[in-house]
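Asker: Take the sequence shown: its letters are residues 22 to 248, numbered as in this note's numbering.
Ideal Cβ positions, reconstructed from N, Cα and C, are used throughout, including at glycine.
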Amino acid sequence: MVRFGILGFGLHAVRRLMPGFALAKRSRVSALSRRNMEAARESARQYEIPLAFDSAENLCRSPEVDAVFVTTPNALHLQDVLLAISYGKPVLCEKPMAMNAQECRQMVEAAHTAKVLLGIAQVFRFEDSTARLRERIASGQVGKVVFARSEFCFPGRGHARTWITDPELSGGGPIGDRHPGAGHAAAGRGHRSALAGGLRFSELGRISSGHRGKNCPGPPVVNASRP
């Protein structure tokens, strides 16, 4: 049984993570952290989680935590991932991985040096529907893929995660937070990988992205094509 500690227990943990852990047979949540101790204890009580912390370091240090799930705002991913690694804990980090490529390299190098696992929560890579579509593309059933388009949307106005519209925290506002998923999908790599296995980054001749503004609401859009 793998005991996870969730760093930054908030809306995402409530809506997405805890329902999943409730179905898990080989893992459970043993600890959580929030900025406010009273809020942390209330969340722990509500979800029957044994330990509550208001310190990321104390959670990572806990012997009751086998692995750390980082769900803090994007700008904090680097420091939180490195902190968990420094305590020898395997890490699963929410996407986007970091604010830029250099931060990603720091995480990977630190995990490699410490010989601990580092994963990024590109969950759609592991869906059965994605695997089936990948197989069909690889077998040639749909012909040669020359163009892929990915869209992803969510109700952003008035969203409870207020930091998501702050470029300093999310890494470019909603585009920075959401485009990694759409972009990897169009390129056949990841989160919304509807065409995974069709187009590879090494084969791309052109990739473009855009985001509809407040006067024209809609999802982030990413297009990828061969030369």
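Could you give the uninterrupted runs of the beta strand (DSSP E) lying entirely in the stretch 23-67, keeping only those of 3 residues or more?
Answerer: 23-28 and 48-54
Asker: Could you pull the DSSP bridge partners for residue 90 from this structure?
Answerer: The residue you call residue 90 lines up with position 69 of the sequence shown. Residue 90 pairs with 27 and 113.
Asker: Which term fits residue 41, buried or exposed, when burial requires 16 or more other beta carbons within 10 angstroms of its beta carbon?
Answerer: Numbered from its first residue, the sequence shown carries residue 41 at position 20. Burial call: exposed.
Asker: Using three-state DSSP, classify residue 73 as helix, strand or coil.
Answerer: Working through the sequence shown from its first residue, we reach residue 73 at position 52. In the structure shown, residue 73 falls within a strand segment according to DSSP collapsed to helix, strand and coil.
Asker: The beta strand (DSSP E) that contains residue 139, what's its start and end?
Answerer: As a position in the sequence shown, residue 139 is number 118, starting the count at 1. First-last of the beta strand (DSSP E) with residue 139: 139-141.
Asker: Pull up the CB-CB distance for residue 55 and residue 64, whole angstroms please, since I reckon it's below 8 angstroms.
Answerer: Numbered from 1 along the sequence shown, position 34 holds the residue referred to as residue 55. Numbered from 1 along the sequence shown, position 43 holds the residue referred to as residue 64. Between residue 64 and residue 55 the Cβ distance is about 6 angstroms, and since that is below 8 angstroms, they are a contact.
Asker: So residue 25 and residue 50 are supposed to be a Cβ contact under 8 angstroms. How far apart are they, rounded?
Answerer: The residue given as residue 25 occupies position 4 in the sequence shown. The residue given as residue 50 occupies position 29 in the sequence shown. The C-beta distance from residue 25 to residue 50 rounds to 5 angstroms, short enough to meet the 8 angstroms contact threshold.
Asker: Check whether the Cβ atoms of residue 89 and residue 28 sit closer than 7 angstroms, and answer yes or no.
Answerer: Position 68 of the sequence shown, counted from the first residue, corresponds to residue 89. Position 7 of the sequence shown, counted from the first residue, corresponds to residue 28. Yes; because the gap between Cβ atoms is below 7 angstroms, this pair is in contact.
Asker: For a quick check, are the C-beta atoms of residue 124 and residue 142 less than 7 angstroms apart?
Answerer: Along the sequence shown, read from residue 1 onward, the residue named residue 124 stands at position 103. Along the sequence shown, read from residue 1 onward, the residue named residue 142 stands at position 121. No, the Cβ-Cβ distance between residue 124 and residue 142 is not below 7 angstroms.
Asker: From the DSSP output, in three-state form, read off residue 169 for me.
Answerer: On the sequence shown, position 148 is the one that residue 169 refers to. In this structure, residue 169 counts as strand in the three-state DSSP scheme.
Asker: Buried or exposed: where does residue 95 fall if 16 or more other Cβ atoms within 10 Å of its Cβ makes it buried?
Answerer: Taking the sequence shown and counting its residues from 1, the one referred to as residue 95 is at position 74. Residue 95 is buried by the Cβ-count criterion.
Asker: Using the C-alpha atoms, what's the distance from residue 106 back to residue 147?
Answerer: The sequence position of residue 147 within the sequence shown is 126, counting from 1. The sequence position of residue 106 within the sequence shown is 85, counting from 1. Distance between the alpha carbons of residue 147 and residue 106 is about 24 angstroms.
Asker: Does the Cβ of residue 134 have 16 or more other Cβ atoms within 10 Å, making it buried, or fewer, making it exposed?
Answerer: One-based indexing of the sequence shown puts residue 134 at position 113. That one is exposed.
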